[in-house]
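**Q** Have a look at this one.
There are 2 protein chains.
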Amino acid sequence: MAKIDDEIGVVGALVRSAFLVNAVYAESAREYGITPQQGQLLCVLMAKPYGMGELGTTLGLAKSSLTGLVDRSERNGLVRREPDPQDMRAVRVALTADGSSLAEAFYVETCRRVAELPGSLSAEESGVLASLLGRIVLDNEVPMVFLEPPESR
Amino acid sequence: MAKIDDEIGVVGALVRSAFLVNAVYAESAREYGITPQQGQLLCVLMAKPYGMGELGTTLGLAKSSLTGLVDRSERNGLVRREPDPQDMRAVRVALTADGSSLAEAFYVETCRRVAELPGSLSAEESGVLASLLGRIVLDNEVPMVFLEPPESR
DNA sequence: GTGCAGTAGTTCGCACCACGAACTGACCTG
DNA sequence: CAGGTCAGTTCGTGGTGCGAACTACTGCAC
């Protein structure tokens, strides 16, 4: 009781903060001339090249959806399909030089913007938030769709 | 220092938890035979009818995007366009009876699923998380894209 | 009251996204 | 070497999101 009217439940807070982060992500992508999905693809590939199947499970997409996404990104020169030397069926998707620098720029800018969101939180509160959200992310086995910014560790 | 390797920064935690919530939201929508965007529209309209312009700013969509979304939802019988008695140009979008019950069911189920995500957090930790995220949501003026579950207050 | 600027929504054309079903070709096991 | 499986692609369908151009109504200026 005695909650002021600004009080919010965990569920609402999670859903609405997700909405907020999406909007920031989308706007950032837009300014770099890519779609949010392409941005996501680039961010995943920053870590290492992936096979199509792997990418599908990481991004939560069907195989056929991925073919198109990679096609378009390849057409834009951001990504390259390399043959897998071990398996003639398989393909390894990797960033091109252009893709790599765009990914880096997009990633850094997106980090910057997301980092501004908790502006009013103290460093300590940010730490608490990170650790609680981090547990949710780990417990639910959220794939590595976003690298850890090195300076934040 | 002395951080174990599972440690995560705020930025990564926010982005990845958003990814997680999206996935849950999308899967829930899927099971109710609607797209996430339509689900979002229904959730917003649960609170009250909206004009198209209002809806655009709330959902962060361009006018023209909204026309289509409302068209499709109307075609599915979930939503209705009512004339605004005050202004002959304007329109009020409201849930139909079908839309209202679908919205309610979708909303409840989505809440249930999102509520499971922080499963390993104690009640107290959940409270802390809610209040920190709540401040982010308030500070950044995230629109009411999701009602507050009554029982969580 | 007439005229005109601004507002609410729609239309159109475009590119993208996501899916399932059906398919191709390489792998592998018996 | 035959049949099953696995990686990816193709195809068709429907939904999404945008900007530019458009229609129709509102409201203010005069």
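Protein chains in written order, with the numbering used here: chain L, 181 to 333; chain W, 181 to 333.
Here a beta-carbon is modelled for each residue, glycine too, at the ideal position from N, C-alpha and C.
Remember, predicted model here, so these are calculated numbers, not experimental data.
1) If you reduce the DSSP assignment to three classes, tell me which class L/D319 lands in.
2) Runs of 4 residues minimum, wholly inside the segment 212-265 of chain W: which ones carry the alpha helix (DSSP H) assignment?
3) Residues in its own chain within less than 7 Å of L/Q220 by CB, not counting five upstream and five downstream?
4) Would you report the Cα separation of L/S306 and L/P298, rounded to the nearest angstrom?
5) Rank L/L313, L/R293, L/N320 and L/D251 by C-alpha distance to the C-alpha of L/N202 and give the top, closest one.
6) Assuming W/A277 is part of the beta strand (DSSP E), what are its boundary residues?
7) Provide the residue(s) that pair with W/V273 in DSSP beta bridges, ordered along the chain.
8) Assuming W/R315 contacts L/L301 under a Cβ cut-off of 8 Å, what Cβ separation, rounded to an integer in Å, is found between them?
9) Determine whether the Cβ of W/T290 lies closer than 9 Å to any Cβ atom of chain L.
10) Would you mind sorting W/R269 into buried or exposed? The rule is 16 or more other CB atoms within 10 Å of its CB.
11) For a contact defined as C-beta to C-beta under 7 Å, what are the partners of W/I188 on chain L?
12) Indicate whether L/L194 and W/L313 have their beta-carbon atoms separated by less than 9 Å.
13) For the putative contact between L/R272 and L/E262, defined by C-beta atoms under 8 Å, what is the C-beta separation to the nearest angstrom?
14) Quick one: which residues of the segment 291-303 of chain L get their C-beta closer than 7 Å to a C-beta of chain W? List them in chain order.
**A** In this structure, then:
1) Within the first sequence, numbered from 1, the residue matching residue 319 of chain L stands at position 139. Helix.
2) Qualifying alpha helix (DSSP H) stretches, in chain order: 216-227, 232-239 and 243-255.
3) For the purposes of this step, residue 220 of chain L is taken as the residue at position 40 of the first sequence. Taken in chain order, the residues that qualify are L239 and V325.
4) Start at 1 with the first residue of the first sequence, and residue 306 of chain L comes out as number 126. Start at 1 with the first residue of the first sequence, and residue 298 of chain L comes out as number 118. Cα to Cα, L/S306 sits roughly 7 Å from L/P298.
5) Position 22 of the first sequence, counted from the first residue, corresponds to residue 202 of chain L. For the residues L/L313, L/R293, L/N320 and L/D251, the minimum Cα distance to L/N202 belongs to L/R293.
6) Counted from its first residue, the second sequence places residue 277 of chain W at position 97. Unbroken run through W/A277 is the alpha helix (DSSP H), A277 to E296; no beta strand (DSSP E).
7) Here residue 273 of chain W refers to the residue found at position 93 of the second sequence. Answer is W/Y230 and W/R261, bridged to W/V273.
8) Position 135 of the second sequence, counted from the first residue, corresponds to residue 315 of chain W. Position 121 of the first sequence, counted from the first residue, corresponds to residue 301 of chain L. That belief holds up - the Cβ atoms of W/R315 and L/L301 are roughly 7 Å apart, short of 8 Å.
9) The count along the second sequence starts at 1 and reaches residue 290 of chain W at position 110. By this cut-off, W/T290 is an interface position.
10) Reading the second sequence from its first residue, position 89 is the one you call residue 269 of chain W. Taking all protein chains shown into account, W/R269 has fewer than 16 neighbouring C-beta atoms within 10 Å of its C-beta and is therefore exposed.
11) Start at 1 with the first residue of the second sequence, and residue 188 of chain W comes out as number 8. Within chain L, the residues near W/I188 are A310, G314, V317 and E328.
12) Here residue 194 of chain L refers to the residue found at position 14 of the first sequence. Here residue 313 of chain W refers to the residue found at position 133 of the second sequence. Contact flag set, yes.
13) The residue given as residue 272 of chain L occupies position 92 in the first sequence. The residue given as residue 262 of chain L occupies position 82 in the first sequence. Their Cβ separation, rounded to whole angstroms, is 5 Å, which keeps L/R272 and L/E262 in contact under 8 Å.
14) Those would be C291, V294, A295, L297, P298, G299, S300 and L301, in chain order.
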